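The structure under discussion appears below in the form of structure tokens.
Number of protein chains: 2
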Amino acid sequence: MTEAKILVVDDEKEIADLIELYLTNEAYEVHKFYNGTDALAWLKEETPDLAVLDVMLPDMSGFTICQKIRENQNFPIIMLTAKDEEIDKITGLTLGADDYMTKPFRPLELIARVKAQLRRFTKYNTAAKEEDQDCITISGLVINRRDHTCTLDEKPLALTPTEFSILWSLCKNRGEVVSSDRLFYDVWGEKYYSSNNNTIMVHIRHLREKMHDSSEKPRYIKTVWGVGYKIE
Amino acid sequence: MTEAKILVVDDEKEIADLIELYLTNEAYEVHKFYNGTDALAWLKEETPDLAVLDVMLPDMSGFTICQKIRENQNFPIIMLTAKDEEIDKITGLTLGADDYMTKPFRPLELIARVKAQLRRFTKYNTAAKEEDQDCITISGLVINRRDHTCTLDEKPLALTPTEFSILWSLCKNRGEVVSSDRLFYDVWGEKYYSSNNNTIMVHIRHLREKMHDSSEKPRYIKTVWGVGYKIE
DNA sequence: AGATTTCTTCACAAAACTTTTAAGCTTTTT
DNA sequence: AAAAAGCTTAAAAGTTTTGTGAAGAAATCT
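Note that the protein sequences, when read in sequence, are chains X and U.
Plus 1062 on top of the position in the first sequence (first one is 1) and you've got the numbering used here.
Plus 1062 on top of the position in the second sequence (first one is 1) and you've got the numbering used here.
And the structure:
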């Protein structure tokens, strides 16, 4: 791809300018904005080949822009996050994005990632996004989102709505650690986002009870200390 | 890279000469200037592979040179700052430098960083390498940031969060020395920045224990005396 | 409304992890 | 060769995270 069009949004002027400088040196066409509103307005008229978004913007979250973009477009997005923001929060919320970097970052590394994403995108552009399933089976455990049922070794599991959501989130992200923050976000949504209680732990306990799973040597829901829970 | 061309600008003659000495010993081609004007003049004619710039110069700030360079070039820049300029640490990085060191510094560490930057730069510039940003494999050692697992010769390694972060940082910077300060910054973030204890050393020991690695003849985590640790 | 189920909070115990401390060892410098 | 600086080790002390039981609040059902 020659002279890809790149959208850069960051309210810290120096950083935005710096990124622009580096990208321009690499012969990219840079469109730079210091706030989300202007960026969104521009996005209505034009479509970049890639976007670099800061998470913290004065008028809106970079996540919001990311979501808006994903509503109808599929080009790569790289998010910039502050170092002090908890890493779980980042991984939890950067799902719509294709990559992220923590500030302060090495400009050259950003360039490298921009190039990598552009390569990846042009390469797999044709490949469709993963289709979402309604039923997941994990060794004896069957969970169905459509009719909201769950069975374990053929026997039905009666789950409460919250329990079901948590288990669904874990199954959907099978093999990955899902942090408490992430679970909270998945189940309760962004507005109730606060993880300063052990609500999730209690639900996990109930889930494990109903699944006859122990906390020490669990068959399904495993505790990843200091990180979260996972099912493999 | 053989015989990289390196620009050194520092008005303190002893320091500039010292840096030149060390770099020359490493077979680099050094171009040394005691002020910014001469350096900029030289930059109009030639292009180095890397630059080491002092922040405090008699005629202009090192940042100015840095910015001038960044107007049309992308080679790595390492800034030298006085110890008391705490804020400049960040500003230096964000204004276009790729690394920085506070004076007084250990010459060996500067060399390590020069090498690291050169390696990184060539790495970034080499042909398309479809690398997985979340999973690194180093001869038998596999570390995955996404599912937070680590295996050594197929066998799972149970790591604590801190151990995991340290090992990740070392693997991510594979081949280059990571100083204790750098590790501290990577793992704990800037707010807890203080390296006047041997916390890291203890974690390194635990890591080596779990990896069945010895400190005398380590397979993975190697001690680079006076500088830090590295994995190759 | 009253009963039932579900969800959240709290306090405390247990487990796991991190940091500190201190002593011994190795490398580098003087 | 002695001194200084840096690294390793081990164990104790401190902290954080997770698990559990029980109780009260909120929602749902009858």
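Yeah, the Cβ is synthetic: ideal placement off N, Cα and C, and Gly gets one too.
Predicted, not measured: the structure shown is a model, and the values here were computed from it.
task: Just the C-alpha distance for His1268 (chain X) and Val1264 (chain U), rounded to the nearest angstrom, thanks.
output: 38 Å
query: So, are the CB atoms of Met1273 (chain U) and Leu1219 (chain U) less than 8 Å apart?
result: yes
- request: In angstroms with no decimal places, state the Cα-to-Cα distance between Asn1206 (chain U) and Ser1227 (chain U).
  value: 11 Å
- request: Check the Cβ of Val1286 (chain X) against every Cβ in chain U and list those closer than 7 Å, keeping chain order.
  value: His1210
- prompt: What separation, rounded to the nearest whole angstrom, lies between the Cα atoms of Val1092 (chain U) and Met1141 (chain U)?
  reply: 16 Å
- prompt: In terms of residues, what are the limits of the beta strand (DSSP E) holding Leu1142 (chain U)?
  reply: 1139 to 1144
field: C-alpha distance - Arg1182 (chain U) paired with Leu1229 (chain X), whole-angstrom precision
entry: Their backbone Cα atoms lie some 42 Å apart in a straight line.
task: Just the C-alpha distance for Asn1235 (chain X) and Thr1184 (chain U), rounded to the nearest angstrom, thanks.
output: 36 Å
- prompt: Alpha carbon to alpha carbon, what distance is there between Glu1294 (chain U) and Thr1143 (chain X)?
  reply: 29 Å
- prompt: Where Glu1074 (chain X) and Val1114 (chain X) are concerned, what is the direct C-alpha to C-alpha distance, given to the nearest angstrom?
  reply: 13 Å
query: How big is the Cα-Cα spacing for Ile1139 (chain X) and Gly1158 (chain X)?
result: Approximately 8 Å, taken between the alpha carbons.
message: What would DSSP say about His1210 (chain U), mapped onto helix, strand or coil?
response: coil
query: Can you pull the DSSP bridge partners for Leu1115 (chain U)?
result: DSSP output for Leu1115 (chain U) lists U:Val1071, U:Met1141 as bridge partner(s).
query: Mapping DSSP to helix, strand and coil, what is Val1286 (chain U)?
result: strand
task: Could you work out which residue in U:Ser1242, U:Leu1069, U:Val1240, U:Leu1203 is closest to Arg1281 (chain U) when comparing CA atoms only?
output: U:Leu1203
task: Consult DSSP for Pro1296 (chain U) and reduce its assignment to one of helix, strand or coil.
output: Coverage of chain U is limited to positions 1063 through 1294, which leaves residue 1296 (chain U) absent and any answer about it impossible.
message: When you compare the CB of Asn1087 (chain X) with every CB in chain U, is at least one pair closer than 8 Å?
response: yes
task: Note down, in chain order, all residues in the stretch 1162 to 1183 of chain U with a beta-carbon under 7 Å from any beta-carbon belonging to chain X.
output: Arg1182, Phe1183
query: Under 8 Å between C-beta atoms, does Val1289 (chain X) make it to chain U?
result: yes
message: Can you tell me whether Cys1243 (chain X) is helix, strand or coil according to DSSP?
response: Note that residue 1243 (chain X) is Asp in the sequence shown, not Cys. Helix, per DSSP.
- request: Say whether chain X places a C-beta atom closer than 8 Å to the C-beta of Arg1236 (chain U).
  value: Taking 8 Å as the CB threshold, Arg1236 (chain U) stays off the interface with chain X.
query: Since Arg1084 (chain X) and Asn1136 (chain U) are thought to touch, with beta carbons under 8 Å apart, how far apart are those beta carbons, to the nearest angstrom?
result: Sequence check: residue 1084 (chain X) is Tyr here, not Arg. Rounded, the Cβ-Cβ distance is 6 Å, consistent with contact.
- prompt: Where do the N-terminal and C-terminal ends of the beta strand (DSSP E) with Thr1199 (chain U) fall, by residue?
  reply: 1197 to 1200
- prompt: Say the cut is 7 Å; is the CB of Asp1079 (chain U) nearer than that to a heavy atom of the ligand ADP?
  reply: With respect to the ligand ADP, the structure offers nothing, as it holds no ligand at all.
- prompt: If you count every other CB in all the chains shown that lies within 10 Å of the CB of Arg1168 (chain U), and 16 or more means buried, which is it?
  reply: Exposed.
message: I need the straight-line Cα distance from Lys1279 (chain U) to Glu1238 (chain U), nearest angstrom please.
response: In this structure, the alpha-carbon of Lys1279 (chain U) lies about 18 Å from that of Glu1238 (chain U).
- prompt: Going straight from the alpha carbon of Gly1154 (chain X) to that of Asp1100 (chain U), what length do you get?
  reply: Per-residue confidence for Gly1154 (chain X) stands at a pLDDT of 48, beneath the threshold of 50, marking its modelled position as unreliable; the derived number appears in the next sentence. Gly1154 (chain X) and Asp1100 (chain U) have their C-alpha atoms some 50 Å from each other.
message: Using C-beta distances below 7 Å, list every residue in its chain close to Ser1231 (chain X), excluding the 5 sequence neighbours before and after it, in chain order.
response: Val1240, Leu1245, Asp1248, Val1249
task: Would you kindly work out how many angstroms separate the C-alpha atoms of Tyr1291 (chain U) and Met1118 (chain U), rounded to a whole number?
output: Spanning the alpha carbons of Tyr1291 (chain U) and Met1118 (chain U) requires a straight line of approximately 30 Å.
field: Reduced DSSP category for Asp1100 (chain X) - H, G, I as helix; E, B as strand; rest coil
entry: helix
- request: Put His1265 (chain U) into one of helix, strand or coil per three-state DSSP.
  value: helix
message: Between which residues of its own chain and Asp1196 (chain X) is the CB-CB distance below 7 Å, once the five residues before and five after are set aside?
response: Asn1206, Arg1207, Arg1208
- request: Return no unless some Cβ of chain U is closer than 8 Å to the Cβ of Leu1080 (chain X).
  value: yes
- prompt: On the three-state DSSP scale, how would you describe Asp1161 (chain U)?
  reply: strand
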